[in-house]
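J.:
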Amino acid sequence: MPITHSLHELHRLMRTISNAIGSLHDPQELFHTIITQLRLFFAFDSAAIITLDNNQRHCSLFFEMLRFQLPEGFVRYQRPVAGSWIEPHVEAQKVAVIRLRDSLEHFPVDVELRQHLLELGLKQAVLSPLRAGGKVIGFLTFVFQEEQEWLDEECELLATVSTPIAVAVSNALAYEELRKREAQTAMQLAVNNALLTIRERNSMMLAVCEQVQKLLPCTFLGIRVMDKEGNYRLYDNFRLQPDGAFAPVTAALDMENYDSIARASFDLAIIGGYYGGNSFLELCARFPILEHVRQKYGICSFLSLPLWELPASRAGLIISTTMRPFDGHDQATANLIVPQLSLALQNYLAFEEINELRHKLEGERSCLIEEITATHHVGEIIGSSSALTAVLYRLQQVAPTDATVLIQGETGTGKELFARALHNLSARSKRALIKVNCATLPASLIESELFGHEKGSFTGATERRIGKFELAEGGTIFLDEIGELPLELQAKLLRVLQEREFERLGGRHVIRANVRVIAATNRNVEQEVASGRFREDLYFRLNVVPLHVPPLRERRDDIALLANHFANRYAREFSKPNRPIRQNDMQRLLGREWKGNIRELAHMVEQAVILSEGSTLDFATILAPQQTLNAPTNRAISSLRTMRAFEEEMIAMEKQLILDTLEATGGRVSGSGGAAERLAMHPKTLYTRIATLGLSKRYG
Numbered sequence: 001m002p003i004t005h006s007l008h009e010l011h012r013l014m015r016t017i018s019n020a021i022g023s024l025h026d027p028q029e030l031f032h033t034i035i036t037q038l039r040l041f042f043a044f045d046s047a048a049i050i051t052l053d054n055n056q057r058h059c060s061l062f063f064e065m066l067r068f069q070l071p072e073g074f075v076r077y078q079r080p081v082a083g084s085w086i087e088p089h090v091e092a093q094k095v096a097v098i099r100l101r102d103s104l105e106h107f108p109v110d111v112e113l114r115q116h117l118l119e120l121g122l123k124q125a126v127l128s129p130l131r132a133g134g135k136v137i138g139f140l141t142f143v144f145q146e147e148q149e150w151l152d153e154e155c156e157l158l159a160t161v162s163t164p165i166a167v168a169v170s171n172a173l174a175y176e177e178l179r180k181r182e183a184q185t186a187m188q189l190a191v192n193n194a195l196l197t198i199r200e201r202n203s204m205m206l207a208v209c210e211q212v213q214k215l216l217p218c219t220f221l222g223i224r225v226m227d228k229e230g231n232y233r234l235y236d237n238f239r240l241q242p243d244g245a246f247a248p249v250t251a252a253l254d255m256e257n258y259d260s261i262a263r264a265s266f267d268l269a270i271i272g273g274y275y276g277g278n279s280f281l282e283l284c285a286r287f288p289i290l291e292h293v294r295q296k297y298g299i300c301s302f303l304s305l306p307l308w309e310l311p312a313s314r315a316g317l318i319i320s321t322t323m324r325p326f327d328g329h330d331q332a333t334a335n336l337i338v339p340q341l342s343l344a345l346q347n348y349l350a351f352e353e354i355n356e357l358r359h360k361l362e363g364e365r366s367c368l369i370e371e372i373t374a375t376h377h378v379g380e381i382i383g384s385s386s387a388l389t390a391v392l393y394r395l396q397q398v399a400p401t402d403a404t405v406l407i408q409g410e411t412g413t414g415k416e417l418f419a420r421a422l423h424n425l426s427a428r429s430k431r432a433l434i435k436v437n438c439a440t441l442p443a444s445l446i447e448s449e450l451f452g453h454e455k456g457s458f459t460g461a462t463e464r465r466i467g468k469f470e471l472a473e474g475g476t477i478f479l480d481e482i483g484e485l486p487l488e489l490q491a492k493l494l495r496v497l498q499e500r501e502f503e504r505l506g507g508r509h510v511i512r513a514n515v516r517v518i519a520a521t522n523r524n525v526e527q528e529v530a531s532g533r534f535r536e537d538l539y540f541r542l543n544v545v546p547l548h549v550p551p552l553r554e555r556r557d558d559i560a561l562l563a564n565h566f567a568n569r570y571a572r573e574f575s576k577p578n579r580p581i582r583q584n585d586m587q588r589l590l591g592r593e594w595k596g597n598i599r600e601l602a603h604m605v606e607q608a609v610i611l612s613e614g615s616t617l618d619f620a621t622i623l624a625p626q627q628t629l630n631a632p633t634n635r636a637i638s639s640l641r642t643m644r645a646f647e648e649e650m651i652a653m654e655k656q657l658i659l660d661t662l663e664a665t666g667g668r669v670s671g672s673g674g675a676a677e678r679l680a681m682h683p684k685t686l687y688t689r690i691a692t693l694g695l696s697k698r699y700g
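Shown next, in the form of structure tokens:
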């Protein structure tokens, strides 16, 4: 390639390059000016400046002025030198002229690039080493469509021109390194400030995302913390939004078995390293969740940084992007925030654990205060009748075990006293007995009350709540009126009994349940099962050891003991003198039907203690003679029968109404014009009633 330019023009070229280096501070503008001037002398088709890292192990495309597009997905930064077409020239002293068809076929890293260049009709490349500080820092590269013959003087000229260019490249790299360090320092300070000043976890992590994005453009950022049992303590994801801000990703990915797949993918967070190109695709093949995200969101690179590994927990930071493959510099940049982030998260988790313990203690304290101020006071079971003795014998047999117990009995028979006795006689007696009345809570709040909820899990959930099962850890939970529990909650309770684990509402963390369950009901559970209002499998799980508390009418030998016990107790409570019960009144008490059982007796004695003015307790105005067991009224009996018939009629009417509506809608339950809309019911509620009434085989 003979050079036809005069010596004067060559001097002018050198002067132009020197002036550009001295006056232009933007690297891209500077090298665009230089390459444009060089094209007037060397007539190349395209040009690029390739730089090497300090160890000469990786190369990057520092500047390019190309008349063609590089292959899709071509890695411009941190490409390995080993196995590439520039590897033989890293220690070169002279300009190298390369015939593309022959010279690139032996370099596996650049097979795709070589094929692409040949398809474009490019035949020759020239590499001029850029030397600074006694070593090659990069190459000035020309590409030609036709092969040119390069004479020694032409190579020497290119080498001469490359000297000031090498200085400019070295300065630009040094300036870029300085700028990066300043930006990294600024990022560290900003992240540190966010971690110190922001207490709420999502807000803190959003601030971290914002600072990382300034220096390390990314699409996703995630935090993973797993405890020693293999459960996630933190599983937070944040995604870049179209407006340039990050937002928490609250919804689970639309994958089957997402929770188990996410749990199995924890190694992604602690595997360490950066992945792009083939290494990223290989990683996707190993972890289905990563492949799913790649296909759904188009991420092309992944960065993983272990945060800590302790006996109690392990943690990692993951970053992914749709923009470009990550490299070693990106990993080094992200590593700068690892110490502060690790410390902040460990402090946060410790504070969260302390807060949970505080809530548990407050809950236990409330339960203990409730227990101390409860009406029974001492938790004694009064009586010596044969019916009671048989139950107490069974109670003493089962109490030392952890067996689940179902206590059945009429209203007012003292089922809670038996539950407390079971707890007090067990190995769990030093821990709390937590009582939950399933009948007094709205259906929408029972799940939160039992299992707790996470902040933001539903409208009004402004903070995390510890559920009763967590409060009862190591102790006993007493589920009173279990027959009132909705069917959907019965399934979740069954899981606790079977698998001994549960999750807070809106949470991902599986919590182990070291709790003994005692349940009580005044309903006939077998009838409830037959009518579809109670799950049969749950009934069998609860009814491991049944206790049937006898009604007071079957404990007539205990009535006098109980009446005197309540008389003495209320006398102390109301500062009244101890007064006996008259013999005739006691006989009337013994003959009473006692539909309200012990509770009715206690209230009646309490009333007598308050209202009596003589030296004995007066029941004359309290006891109604027609209400004794020996003379039950026909009206009471007919009323009882009428209520049963009324309930059966209501069920039949409901069934017929649903059938008529389903016939009118052609069997369609949900949607516009469906049966649920006509009946002004939620579709899920109607589906439940259809199943309960045995209509599910025809409709739904």
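Per the UniProt record's numbering, the sequence shown starts with residue 1, numbered consecutively.
Backbone N, C-alpha and C fix where the C-beta goes; we use that ideal spot for every residue, glycine too.
Under DSSP, the beta strand (DSSP E) around S320 begins and ends at which residues?
T.: Per DSSP, S320 belongs to the beta strand (DSSP E) from S313 to T321.
J.: Near T333, what residues of its chain come up, given a Cβ to Cβ distance below 7 Å and the 5 sequence neighbours on each side ignored?
T.: Q184, L215 and L216
J.: Excluding the 5 residues preceding and the 5 following V95 in the sequence, name in chain order all residues of the same chain whose CB lies nearer than 6 Å to its CB.
T.: S128, C155, L158 and A159
J.: Would you tell me roughly how many angstroms separate the C-alpha atoms of F280 and A520, rounded to the nearest one?
T.: Put simply, the backbone Cα of F280 is about 57 Å away from that of A520.
J.: For A174, count neighbouring Cβ atoms within 10 angstroms of its own Cβ and tell me buried if that reaches 16, exposed if not.
T.: By the 10 Å Cβ count, A174 comes out exposed.
J.: Just verifying my parser: in three-state terms, what is the DSSP assignment at L505?
T.: strand
J.: In three-state DSSP terms, what is residue 701?
T.: The structure shown does not extend to residue 701, since the chain spans only 1 to 700, so no value can be given for it.
J.: Roughly how many angstroms lie between the CA atoms of G483 and N584, to the nearest whole one?
T.: 40 Å
J.: What separation, rounded to the nearest whole angstrom, lies between the Cα atoms of D327 and S301?
T.: 9 Å
J.: Is T51 closer than 8 Å to G134 when the C-beta atoms are compared?
T.: no
J.: Where does D327 sit, in a helix, a strand or coil, going by DSSP?
T.: coil
J.: Rank D402, A563 and L40 by C-alpha distance to the C-alpha of Q587 and give the top, closest one.
T.: A563
J.: Measuring CB to CB, does I289 end up less than 8 Å from I261?
T.: yes
J.: Quick check on the DSSP output: the alpha helix (DSSP H) that includes D558 runs from which residue to which?
T.: R556 to E573
J.: With burial defined as no fewer than 16 other Cβ atoms inside 10 Å of the residue's Cβ, what is the status of D558: buried or exposed?
T.: Buried is the call here.
J.: Is there contact between the region 197 to 209 and the region 160 to 171, where contact requires at least three CB pairs shorter than 8 Å?
T.: no
J.: Excluding the five sequence neighbours on either side, which residues of its own chain have a C-beta within less than 7 Å of the C-beta of E356, listed in chain order?
T.: I466
J.: Any idea which residues DSSP pairs A344 with across the strands?
T.: A344 pairs with nothing; no bridge assigned.
J.: Can you give me the Cβ contacts of R508 inside the same chain, cut-off strictly under 7 Å, excluding the 5 residues immediately before and after it?
T.: Y232, Y235 and D259
J.: Check whether the Cβ atoms of E473 and N514 sit closer than 8 Å, and answer yes or no.
T.: yes
J.: Given 8 Å as the limit, is there contact between the region 336 to 348 and the region 309 to 321, that is, 3 or more CB pairs closer than that?
T.: yes
J.: Between the alpha carbons of L336 and K455, how many angstroms are there, rounded?
T.: 31 Å
J.: Could you give the first and the last residue of the continuous beta strand (DSSP E) run that contains Q124?
T.: Q124 to A132
J.: Can you confirm whether the region 521 to 531 touches the region 562 to 577 when touching is taken to mean that 3 or more C-beta pairs between the two stretches lie within less than 8 Å?
T.: no
J.: Starting from the C-beta of P400, find all residues in its chain whose C-beta is less than 7 Å away, skip the five residues before and the five after it, and write them out in chain order.
T.: L425, S426 and A427
J.: Under the rule that 16 or more other beta-carbon atoms within 10 Å means buried, what is H25, buried or exposed?
T.: exposed
J.: Looking at T322: is its Cβ nearer than 8 Å to the Cβ of Y297?
T.: With respect to the 8 Å criterion, T322 and Y297 are classified as neighbours on the basis of their beta carbons.
J.: So, E490 versus F534, is the Cβ gap smaller than 8 Å?
T.: Reading off the sequence shown, one finds Gln at residue 490, where the question assumed Glu. Closer than 8 Å, so yes.
J.: Along the beta strand (DSSP E) that carries T141, what are the first and last residues, could you check?
T.: K135 to F144
J.: Within 10 angstroms of the Cβ of residue 701, are there 16 or more other Cβ atoms? Answer buried if so, exposed if not.
T.: Past the boundaries of the shown model lies residue 701; the chain is included only from 1 to 700, so the question cannot be answered.
J.: For H11, is the classification buried or exposed, using 16 other Cβ atoms within 10 angstroms of its Cβ as the cut-off for buried?
T.: exposed
J.: With DSSP run on the structure shown, which of helix, strand or coil describes H58?
T.: H58 falls in the strand class under three-state DSSP.
J.: Report yes if the C-beta distance between G412 and V549 is below 8 Å; otherwise report no.
T.: no
J.: What span of residues does the alpha helix (DSSP H) with Q211 cover, start to end?
T.: R201 to L215
J.: Thinking C-alpha only, which one of S60, E554, D102 and Q145 is nearest S386?
T.: E554
J.: Let me know if E147 comes out buried or exposed under the rule of 16 or more other beta-carbons within 10 Å of its beta-carbon.
T.: Flag for E147 reads exposed.
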